[in-house]
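Here's the structure, in structure tokens; my notes come after.
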Amino acid sequence: MVNRVPWFYKDFNCIGSGCTDNCCIGWEIDIDNKTNSFYQGLNGSFGERLHSCINNIAQPSFILNDERCPFLNNENLCDVIINLGEKHLCEICKNHPRFYEWFDNLTELGIGLCCEEGCRLLFSNDEPVKFVTFETDDENQNINYDNELFSQLILARDTILAVLQNRNIPLLERFALTLTMGEDIQDCIEMKKYRYIKDLSWQYKDENFCSEIITEISKGSNCGLNKTEFVKDVLQFLNTLEPINDQWKNSLTEISNKLPVIMNSNEKFDAYHAESQYEYEHIAVYFIYRYFLKAVFDEDVVSKVKLAVVSCVVNYIFDINSWIANNYEFTLLNRIANTKAYSKEVEYSEENLGAFFDACYINDIFSYEKLVSMLLD
2 MVNRVPWFYK DFNCIGSGCT DNCCIGWEID IDNKTNSFYQ GLNGSFGERL
52 HSCINNIAQP SFILNDERCP FLNNENLCDV IINLGEKHLC EICKNHPRFY
102 EWFDNLTELG IGLCCEEGCR LLFSNDEPVK FVTFETDDEN QNINYDNELF
152 SQLILARDTI LAVLQNRNIP LLERFALTLT MGEDIQDCIE MKKYRYIKDL
202 SWQYKDENFC SEIITEISKG SNCGLNKTEF VKDVLQFLNT LEPINDQWKN
252 SLTEISNKLP VIMNSNEKFD AYHAESQYEY EHIAVYFIYR YFLKAVFDED
302 VVSKVKLAVV SCVVNYIFDI NSWIANNYEF TLLNRIANTK AYSKEVEYSE
352 ENLGAFFDAC YINDIFSYEK LVSMLLD
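Residue numbers (my numbering): 2 to 378.
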């Protein structure tokens, strides 16, 4: 089995009490059946405590106490680990914030941006994110999908990542190219002409071809888009999603009310933040790496590339707001806080992520034309 990870994956360790957040607070914690069977078979006082703190209706889960896991003690340490050892954590607790995606002979792994230590590792290096592979003795998975489409999507994703990390091209143009290539790939998928995706992948690797594409789409992007109203609409959409943290809705409302000031400050922020533009490149690369290949299961590339670009736009708006609020300073801690908050609210709710993907098709806010105009006008 081939495993692929970002270069910093091996360096990740939970920083525990050194984290300003806590993965054991504010989350519903489902328990996999194998671990739950072990828990239910335990005797003694700790076994009784486990039994009383697990909701066994439908999907087993821990019964939270004021949003806290019942096994998070007063020192913010895990009583399950203390009493049973780390090997007896449920799968979610054992793996989080790591994520996995399984294919026939490939497993891809990463660290979710909901974790501030994961964010720190990602953003502390301004070099383009690299991915490394290694082999294990694990057996290949028997997963049902179209192998031809999968092989074409692998090529396409490699090209999109190369475009996103090509710093000879202005950042916003890279985002526009990502959206455009996504639309082109989607056309191939809908026509069942998967083999043409390979041709697209080679074309978009050519800088001259990309330059021609930018020239062409720039001519059609001048639609008089009111960028402030566009961003306001995006924030309002996010405000319709189910919040994990109520503070998120407050932040969306606050930023929406301050949008005229924020949007008028973007050029000054860009000048201040010029050496850190790579952060948005990293965010886009993360989302493409994590979600793009899922299109082999649902044949939906467009929503995956839009998620990457919109995520960068929203983070950018939050960043300007933080910069203004912090007397025109923006630190790595601000970067981590904004990215983590966005990731938790959008990525770590299946309902919210599904609502975003649906909106890419039914909500005019996320039309290709508006997104490109936002980037290039």
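Just so you know, even glycine gets a beta-carbon here, dropped at the ideal spot from N, CA and C.
Keep in mind that this is a model prediction, so the values were computed, not measured.
The beta-bridge partner set that DSSP reports for L73 consists of C79.
Note that the C-beta distance between I161 and I366 is not below 8 angstroms. Looking at the DSSP output, N66 sits in a beta bridge with R69.
Taking a 10 Å sphere around the C-beta of A59, we find fewer than 16 other C-beta atoms and assign the residue as exposed.
When Cβ pairs closer than 8 angstroms are counted between the two stretches, the region 152-169 is seen to touch the region 192-205, the count reaching three or more. In this structure, DSSP gives I263 a helical state, which the three-state scheme calls helix. Unbroken alpha helix (DSSP H) runs of no fewer than 4 residues, entirely contained in the region 280-346, are found at 296-299, 303-326, following chain order. Of the candidates P129, Y195, V164, the residue whose Cα lies closest to the Cα of N148 is Y195.
Annotation note: the region 127-187 contains the following uninterrupted alpha helix (DSSP H) runs of length 4 or greater, listed N- to C-terminal: 148-165.
In the DSSP assignment, Y205 falls outside any alpha helix (DSSP H), carrying neither H nor E.
Between R69 and C120 the beta-carbon gap is near 23 angstroms, outside 8 angstroms, which marks them as no contact. Here DSSP, grouped into helix, strand and coil, assigns T241 to coil.
Scanning H283, V315, T137, E109 for the CA closest to the CA of L236 turns up V315. Within the DSSP secondary-structure output, R99 pairs in a beta bridge with I112. At the C-beta level, C313 and F176 come within 8 angstroms of one another.
With contact defined as three or more Cβ pairs closer than 8 angstroms, the region 263-283 and the region 317-328 are in contact.
By the C-beta criterion, the region 170-190 is judged to be in contact with the region 360-376, since at least 3 inter-stretch pairs fall below 8 angstroms. Nearest to N143 by C-alpha distance, out of L253, T108, W28, is T108. D31 sits in a strand when the DSSP states are folded into three classes. Counted as a single uninterrupted DSSP element, the alpha helix (DSSP H) harbouring N258 occupies residues 247-258. Distances from the CA of E102 to each of Y10, N4, D138, K220 were compared; the closest alpha carbon is that of N4. For N4, the enclosing beta strand (DSSP E) begins and ends at 3-7.
F367: not part of any alpha helix (DSSP H); DSSP gives it neither H nor E.
Per DSSP, H89 lies in no alpha helix (DSSP H) and is assigned neither H nor E.
Bounds of the alpha helix (DSSP H) holding F47 are 45-53. A direct Cα-Cα distance of roughly 16 angstroms separates D127 from L334. Of the residues V302, C20, E243, the one whose Cα lies closest to the Cα of I190 is V302.
In the three-state reduction of the DSSP assignment, I214 falls in the helix class, which pools H, G and I. Per the C-alpha coordinates, the member of G225, F358, N251, L260 positioned closest to D299 is F358. By the neighbour-count definition (other C-beta atoms within 10 Å, threshold 16), H283 is a buried residue. No Cβ-Cβ contact shorter than 8 angstroms links L178 with V297. In this structure D320 is buried. Its beta-carbon is surrounded by 16 or more other beta-carbon atoms within 10 angstroms. For I26, the secondary structure class from DSSP, reduced to helix, strand or coil, is strand. The C-beta of T181 has 16 or more other C-beta atoms within 10 Å across all chains shown, which makes the residue buried. By the criterion of a C-beta distance shorter than 7 angstroms, E92 is surrounded in its chain by D33, T36, once the five residues flanking it on both sides are discounted. Rounded to the nearest whole angstrom, the CA to CA distance from N353 to Y343 is 11 angstroms.
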